[in-house]
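Residue numbers (the numbering used here): 172 to 564.
Notes follow once the structure below has been shown.
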């Protein structure tokens, strides 16, 4: 095509035209053509377990290819309720769960329910950038409030969060365990956040994607489920991607009070009109039979976490908090302030691909993120390569 196409981009909605490029994807695109070990994305190296994939294939062969329930297959919604029963040791109703086309769509629906033009959403950062970008595309303004990094790791400043609230604030987006920092809210911190939201009449969008990747006591991290009342304004967003190695499947869920069900169904209808039946069949067996696989992934991640933290500490140049949750180490290197340049140098010289901290919003600019959800032997190798480059200066 030829001619002057500049007016085309100018004719778009400003929110679409100004949607930010992903700094993570930029690093991935640079490193993929150079044979780098890709530790830039938030996924592990294990494929979807065969028992999950085979169930999808069975359902596909059986002809389960028609339109389905917008809210999700009843058996999958029951499986989600049963899974939460086991995990949180209390009863859940299937009417609290709604199946979405990815965790990202769950976030977009939560934003559509709570924000819009002229409103604001507060996000503690560093944070996964997609939520802030989706907020902007929806017409709202993301308000990033940097967390504090010190000798005890990452921490929230509740006074700073409160000071950022205005009459336009509608929601607070909380990811715990955190991508990219690994910070995990304690029960007391969750109670303080909930009290703040109640006092200001805000919605909490609770992203608990990494709840199972938790290195403390028990089968999962502390949760708003532990402390909330039924009438609290909380929307939970989650995904099948991490626990069951299903990143490419694009399937997630929302958990909300059943009174909001029709609103959620409507928003699913007007976006994707539901998730494919054969994929939902796979989701059912993942929830019902997937605990051994989750345990295997967490054990590998714990070992890999320890290996990479030891390697970075040995350089004498890296500062980081050993993560209590998720599967990332977020570290800064003494003397390195341009982390985009550092990431590209590590790709070229160490053949290891990381993500620049600048991609994760205010507070992350001097850090880089490494995903350690890999075979421990590979992570040991990556740590040695990174250390060799950093020790050369």
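All C-beta atoms, glycine included, are put in the ideal place defined by N, C-alpha and C.
Residue environment analysis places residue 200 among the exposed positions, since fewer than 16 neighbouring C-beta atoms fall within 10 angstroms of its C-beta.
In this structure, residue 250 and residue 458 form a Cβ contact; the two beta carbons are roughly 4 angstroms apart against a cut-off of 8 angstroms. An exposed status is given to residue 388, since fewer than 16 other beta-carbon atoms sit within 10 Å of its beta-carbon. DSSP places residue 475 inside the alpha helix (DSSP H), whose first and last residues are 462 to 485.
The Cβ atoms of residue 403 and residue 358 lie no closer than 9 angstroms to each other. In the DSSP assignment, residue 284 falls outside any beta strand (DSSP E) and within the unbroken alpha helix (DSSP H) covering 274 to 285. Relative to residue 367, the option among 347, 336 and 471 whose CA is nearest is 336.
Counted as a single uninterrupted DSSP element, the alpha helix (DSSP H) harbouring residue 178 occupies residues 177 to 181.
In this structure, 228 is the residue among 228, 380 and 301 with its C-alpha nearest to the C-alpha of residue 447. By a beta-carbon distance limit of 8 angstroms, residue 475 does not contact residue 557. Their separation comes to about 14 angstroms.
Straight through space, the alpha carbons of residue 238 and residue 331 are spaced by roughly 47 angstroms. Contact between residue 438 and residue 479 is absent: CB atoms are separated by about 39 angstroms, not below the 8 angstroms threshold.
If you keep only unbroken beta strand (DSSP E) runs of at least 3 residues inside the segment 361 to 385, you get 374 to 378. Residue 510 is bridged by DSSP to nothing; it lacks a bridge partner. In this structure, residue 339 sits near residue 290, with a CB-CB distance shorter than 9 angstroms. Shortest Cα-Cα distance from residue 533 to any of 293, 518 and 391 involves 293. Under the criterion of beta carbons closer than 8 angstroms, residue 209 and residue 202 qualify as touching, at roughly 6 angstroms. With fewer than 16 neighbouring CB atoms inside 10 Å of its own CB, residue 563 falls in the exposed class. Here residue 413 carries a coil assignment [DSSP, helix/strand/coil]. Counting along the chain, residue 441 sits inside no alpha helix (DSSP H), nor does DSSP assign it H or E at all. Excluding sequence positions up to five before and after residue 493, its CB lies within less than 6 angstroms of the CB of 480, all in the same chain and listed in chain order. Beta-bridge partners assigned by DSSP to residue 405: 375. Taken through DSSP and simplified to helix, strand or coil, residue 290 comes out as coil. Only residues of its own chain outside the window of five on either side were considered, and among them 296, 533 and 534 have a CB closer than 6 angstroms to the CB of residue 317, listed in chain order. Per DSSP, reduced to three states, the secondary structure at residue 559 is helical.
In the DSSP assignment, residue 524 forms a beta bridge with 209. Of 401, 271 and 194, the smallest CA-CA separation from residue 420 is found for 271.
Counted as a single uninterrupted DSSP element, the beta strand (DSSP E) harbouring residue 312 occupies residues 312 to 317. Taking the Cβ atoms as the reference, residue 304 lies roughly 6 angstroms from residue 190, within the contact range of under 8 angstroms. Assigned with DSSP and collapsed to three states, residue 325 falls in strand. Within its own chain, the residues whose Cβ lies closer than 7 angstroms to the Cβ of residue 391, once the five positions on either side in sequence are excluded, are 258, 382, 383 and 385, listed in chain order. Annotation: residue 266 to residue 524 spans about 42 angstroms, alpha carbon to alpha carbon. CA-to-CA, the gap between residue 306 and residue 313 works out to about 6 angstroms.
With 16 or more other CB atoms across the displayed protein chains lying within 10 angstroms of its CB, residue 273 is buried. The continuous alpha helix (DSSP H) containing residue 308 extends over residues 300 to 308. Closest in C-alpha terms to residue 298, from the list 377, 242 and 309, comes 377.
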